[in-house]
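First up is the structure itself, then whatever we jot down about it.
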Amino acid sequence: MVSPVGSGGRRLDDKIAELPHDASYYSFEFFPPKTQAGLDNLQARISRMSRFQPLFVTVTWGTGGSTAEKSLELATACEKDHGLTTCLHLTCTNMDKKILDNALATAKEAGIRNILALRGDPPRGEEYWTPNEGEFVYAIDLVRYIRKEHKDWFCIGVAAYPEGHADVTHPEALDPADDIPFLAQKVEAGANFILTQLFYDTDQFTKFHEMLLKYNSELFGKIPLIPAIMPIQSYQTLMRMTSLSHASLPKDIHDRVEAVKGNDEEVKRIGVEISIAIIQDLKMKTNNHVRGSHLCTLNLEKSVALTLMGSGLYVKPSRESSPTRTNGDVKNRAHVDHLSPDKKKDSKTKQVASNTSPDGQDSEALQAVNISEGLGSKGREATWDEYPNGRFGDSRSPAYGELDGWGVSLGVPVRKALEMWGRPESTNDITKVFVDHIAGKIMGTPWSTEPLSTETEVIRSELLSLNEKQLWTVGSQPAVNCAPSDDSRFGWGPRGGYIFQKSFVEFFAKEDQWNAIKERIKDDSQISYYAGTRRGRFESNMAATDANAVTWGIFPGKEIAQPTIIEEVSFKAWREEAFALWSEWERLYEPGSPAARLLRQVTERFWLVSIVHHDYKDESALWKIFV
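For what it's worth, the UniProt record's numbering labels the leading residue of the sequence shown as 1, then goes sequentially.
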């Protein structure tokens, strides 16, 4: 039953005001996973993490309201099912006002009283864009609108950029001093707290804090300024996130992570140490004026738990102490697999009985914390997905999908994109973009914003051949048989292990091209494929419940690790994003221009195809089918 409007929820500015003047606090950020199984499993994870008693949690919002339904479902569950003070992110550009009004009404009905009002990305082809009458252009428009329509029901947060806000069209213009007057206007319009973009350079944050106080000590001296801290989960995620957010990376941090980038466990361990140092450094440098820490979880729990413990922000309960929060079912399975709809519903709403004894509450809280740390058999099960769960991770993981929360994005500034990709007017022009990337002449494509990895360089000639045939590749890996885990090209994980890989390739192709390939491989039992179009057509020679583990590792004293999986549910989720990137590319150009028309045609007519060859001992088996 939905709670009556006005019941249950708390404003986070009220909660901060109630704290002792020198008390530290922390909060968590979650994003809605791309798959239902991931969302179900996230509920169990949030239930455990609620035992850390965060002051509040935030739920992200996809560009243009793309995750509206899932974001509202998750935010409502956090508030109502898990008893957590919840803040819903909202962006205002590129979004239908009806979606915005519905989001605010739904949040209000659920008792959610906190909104983080963000601008969101302006249209890529901004020079061709004229906002409709009454449309929101800046975050301040959203702040004013919420205040006008909902009075003081919502506590409103706004974003700040300690190193300056990089406009998508002029990313070089990074000067926080230029942004402060606009931040002041948002506060004066009714904002109640400020949440920063992630950063790793505490000196930059300290300078920004001092600039705020110098600009207007009365205005900025009272409003909570909460720094966003993202524990480093992988080298690749760190590089992508700092690039997208234009956050500087101090040399000592870069060098520490660079030295162990092939060892995922070490990267995470160092990431925790860095997060702890940032929290402690900020407390000291701001003389405890900045007391909050907003932890961007990426829907993972172990690094967050270790950061809270190591920084002293959270102390494990003991049987001599009684926790203040008792809700949440720590007995929930660590991850939900193939549950019936009724059981899935139960896994999200189950609560600890209200008559649990203090000792029982304490024991359950301690158990939940231990599980989040990855301790014991339950902890190992709960943190089964701690390694990167992006495009090729396990679709059941809460972390499956976007490891950076950025949503569908070209990942490069407009000027840089136009410089690399030009203005394609034929499929040959598009082919040149893909070939130039494989050849190392340009940095990336809309589907891969980085140069080829050392692993992919092994199959560079094969990829060049495919792309020259207008089979435009967006993902691939070579076959590997028993490579040492510290191998400079294929290695990952702890030392002393061995790595195995099946070869696979993903590409866009015209329908006649795909039909010809399909005919050649139809009788080959060593080949699996998935193929689909933007309009929803789908073909596969696999059962719906089958999954291909295409990368696995064997390590001393550990279970087999399978970080790379290709399956129907993950392919379909990726297909939506892959075709959306064609649309993002199209937005660079004037509507109706030759480039825009060409990219629209490709989006509508091409297939996305994923092919796996199961014989990992034959390095050339997959590539022979394209000869």
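C-beta: ideal position from N, C-alpha, C; glycine also. Being a predicted model, the structure only gives us computed values, none of them experimental.
- Between Thr603 and Trp582, the C-beta gap is smaller than 7 angstroms, which places the two residues in contact.
- For Trp623, the uninterrupted alpha helix (DSSP H) run begins and ends at 621-624, by DSSP.
- If you check the CB distance, Ser311 and Val272 do not come in under 7 angstroms.
- Taking a C-beta distance under 7 angstroms as the contact criterion, Pro250 and Asp201 qualify as a contact pair.
- Residue environment for Glu567: buried (at least 16 other C-beta atoms within 10 angstroms of its C-beta).
- Going by DSSP, Gly271 is part of no beta strand (DSSP E) but of the alpha helix (DSSP H) stretching over 264-285.
- Annotation: Glu79 is outside any beta strand (DSSP E) and is labelled neither H nor E by DSSP.
- Beta-bridge partners of Ala573 (DSSP): none assigned.
- Among the bridge pairs identified by DSSP, Ser503 is matched with His613.
- DSSP lists Thr58, Asn114 as the bridge partner or partners of Cys87.
- Per DSSP, the beta bridge partners of Ser27 are Phe56, His294.
- For the set Trp492, Gly190, Val458, Ala417, the Cα lying nearest the Cα of Val260 is the one of Trp492.
- For the pair Ile146 and Asp252, the Cα-to-Cα distance works out to about 43 angstroms.
- The residue among Ala191, His613, Ala159, Gly190 with its C-alpha nearest the C-alpha of Asp179 is Ala159.
- The Cβ atoms of Ser570 and Leu313 do not sit closer than 7 angstroms to each other.
- When secondary structure is reduced to three states using DSSP, Trp153 falls in the coil class, being assigned neither helix nor strand.
- Using a Cβ distance threshold of 7 angstroms, Gln470 and Phe504 do not count as a contacting pair.
- Beta-carbon to beta-carbon, Ala277 and Leu198 are separated by about 15 angstroms, too far to satisfy the 8 angstroms threshold.
- For Phe434, the enclosing alpha helix (DSSP H) begins and ends at 427-439.
- When DSSP states are grouped into helix, strand and coil, Ser71 belongs to the helix group.
- Among the bridge pairs identified by DSSP, Gln477 is matched with Phe504.
- Only residues of its own chain outside the window of five on either side were considered, and among them Val143, Arg144, Ile146, Arg147, Ile156 have a CB closer than 8 angstroms to the CB of Gly190, listed in chain order.
- Inter-segment contact for the region 479-490 and the region 454-470 is present: three or more beta-carbon pairs are separated by less than 8 angstroms.
- By DSSP's assignment, Trp607 forms a beta bridge with Ala509.
- Our two residues, Thr76 and Val59, have alpha carbons roughly 10 angstroms apart in a direct line.
- In this structure, the beta-carbon distance from Val435 to Asn467 falls below 7 angstroms.
- In this structure, Tyr616 sits away from Ile554, with a CB-CB distance that is not shorter than 7 angstroms.
- Around the beta-carbon of His209, 16 or more other beta-carbon atoms lie within 10 Å, marking it buried.
- Cβ contact annotation for Ser465 (same chain, cutoff 6 angstroms, sequence separation greater than five): none.
- In chain order, Gln197, Leu198 place their CB closer than 7 angstroms to the CB of Ser245, counting only its own chain and leaving out the 5 sequence neighbours on each side.
- Ranked by how close their Cα comes to the Cα of Asp13, the residues Ile194, Asp101, Gly120, Ala110 have Ile194 in first place.
- Taking all protein chains in view, the Cβ of Gln43 is crowded by 16 or more other Cβ atoms within 10 Å, so the residue is classified as buried.
- Checking the DSSP bridge columns, you'll see Phe193 partnered with Gly157.
- One Cα belongs to Met284, the other to Val290, and the distance between them is close to 9 angstroms.
- The residue among Asp512, Trp447, Ser528 with its C-alpha nearest the C-alpha of Gly411 is Trp447.
- Looking at the DSSP output, Leu225 bridges to Ile194.
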